[in-house]
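Numbering (the numbering used here), first residue to last: -16 to 328. Beta carbons: idealized from backbone N, C-alpha and C, even for Gly. What you are looking at is a predicted structure, and each value in this text was computed from that prediction instead of being measured. First comes the structure, then the notes that go with it.
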Ligand SMILES: NC(=O)C1=CN([C@@H]2O[C@H](COP(=O)(O)OP(=O)(O)OC[C@H]3O[C@@H](n4cnc5c(N)ncnc54)[C@H](OP(=O)(O)O)[C@@H]3O)[C@@H](O)[C@H]2O)C=CC1
Ligand SMILES: O=C(CO)COP(=O)(O)O
């Protein structure tokens, strides 16, 4: 039995706290809203983020970050990517010994183009023992119902990743693989959110399965192109953190990214969509980061480019689809063959 702190009492932090508590660990779930933490401790529910779920006794809610981190060696970081730097700066003020951070957020930072593990390294410096990334097809809503789920963990230090594999592995419903390709694991989880937004738009416009299959397949091609330009192993994109997460996010009503896209396709404006969601839609910031990266590296990402125009330049979603369909003819496997035959960085 270990003591673990989970930072971020939203959907994913609470669902992962539940897995860890089911595995017999003592879990301190930190959140910044007093009334929500009181609800977790008094009623054993977190109705806003996981309606109808009864939380195990092994989870104790905290609003005081330093208390939550007292004598803790392993921290699960489950806040939106936008909040990571701010939260880690507070963490640094609470601890004296290096800790292991399990990073479960999915995104790329605009402008710096940092992956989550890179942001963690930058912010924690010498107070970081290891950063392990956990990613894969895993909606919090289904994990909290204890429905069978698979994820992968990755790190520069694979021994640390194996320890985290053991921590989360639950033989009834939560199966954890290791994957040594840290870059690929992080990029697959972050970039699929862009395609999920696009798939939601397509569904919102009333297009059918053909259009969504096209977006998912050609989306995976552009994820792999950018990923490989950044040093990922192309095979990772055929795994859980690549196509696996792409499937779950593009085809599920649980997905916040798909739901936001669906509203955009129905004609709502981005601001009102984000306001009405009440939960993080990571794909919006990641679209900006991927658009910038694609331009910088000269990587073709047509779906990301038109989505960027829809989100940030007022392009009509229907016109975005038309501009994708009217592109010059090309050979389907051209770039993919280059990825598979050229040595990766
Ligand atoms: N939900 C899922 O199924 C999965 C999510 N993820 C990833 O996990 C990350 C978190 O997502 P998710 O849990 O869904 O997001 P939610 O929107 O459900 O929850 C985010 C939580 O973080 C809190 N938060 C936001 N900013 C801060 C801050 N500055 N300080 C402290 N707490 C803060 C929010 O508080 P408040 O209530 O005040 O907004 C909320 O409790 C994302 O990167 C997402 O991509 C990964 C896999 C699955
Ligand atoms: O990453 C997820 C599932 O694996 C959750 O996706 P959303 O953030 O779109 O809900």
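*Pocket of ligand 1 (residues with CB nearer than 6 angstroms to any heavy atom), chain order*: -9, -8, -7, -6, -5, -4, 14, 15, 16, 32, 61, 62, 63, 64, 66, 69, 70, 87, 88, 89, 90, 121, 122, 123, 262, 263 and 265
*Between residue 297 and residue 305, what straight-line distance do the alpha-carbon atoms span, to the nearest angstrom?*
15 angstroms
*On the three-state DSSP scale, how would you describe residue -10?*
strand
*Examine the Cβ distances between the stretch 82 to 98 and the stretch 58 to 70 and report whether three or more of them are shorter than 8 angstroms.*
yes
_C-beta contact flag for residue 294 and residue 269 at 7 angstroms_ = no
_Between the CA atoms of residue 11 and residue -14 - distance to the nearest angstrom_ = 8 angstroms
*Beta carbon of residue 228, beta carbon of residue 167: below 7 angstroms?*
no
*Excluding the five sequence neighbours on either side, which residues of its own chain have a C-beta within less than 8 angstroms of the C-beta of residue 97, listed in chain order?*
91 and 105
*Looking at C-alpha atoms only, which residue of 205, -5 and -9 is the closest neighbour of residue 52?*
-9
_Tell me which residue opens and which closes the beta strand (DSSP E) that residue 117 is part of._
111 to 118
*Can you tell me whether residue 317 is buried or exposed, with buried defined as 16 or more other CB within 10 angstroms of its CB?*
exposed
*asked:* Under 6 angstroms: does the beta carbon of residue 234 sit that close to some heavy atom of ligand 2?
replied: no
*Closer than 7 angstroms by C-beta to residue 140: which residues in its own chain qualify, once you throw out the five before and the five after it? Chain order, please.*
113
*For residue 270, which three-state DSSP category applies?*
helix
*Return the bridge partner residues of residue 10 from the DSSP annotation.*
-13 and 42
*Going straight from the alpha carbon of residue 283 to that of residue -16, what length do you get?*
48 angstroms
*From residue 235 to residue 179, what does the alpha carbon distance come to, in whole angstroms?*
9 angstroms
*Can you say whether residue 240 is buried or exposed, counting buried as having 16 or more other CB atoms within 10 angstroms of its CB?*
buried
*Take the Cβ of residue 154 as the centre, count every other Cβ of all protein chains shown within 10 Å, and call the residue buried at 16 or more, exposed below.*
exposed
_Does the contact criterion of 3 or more C-beta pairs under 8 angstroms hold for the stretch 62 to 79 versus the stretch 30 to 45?_
no
_Boundaries of the alpha helix (DSSP H) in which residue 60 is found, first to last residue_ = Per DSSP, residue 60 belongs to no alpha helix (DSSP H); it is in the beta strand (DSSP E), 57 to 60.
*Indicate, with yes or no, if ligand 2 has a heavy atom lying under 6 angstroms from the CB of residue 231.*
yes
*Are the Cβ atoms of residue 185 and residue 175 separated by less than 7 angstroms?*
no
*Using the rule of at least 16 other Cβ atoms within 10 Å of the residue's Cβ for burial, across every protein chain shown, is residue 211 buried or exposed?*
buried
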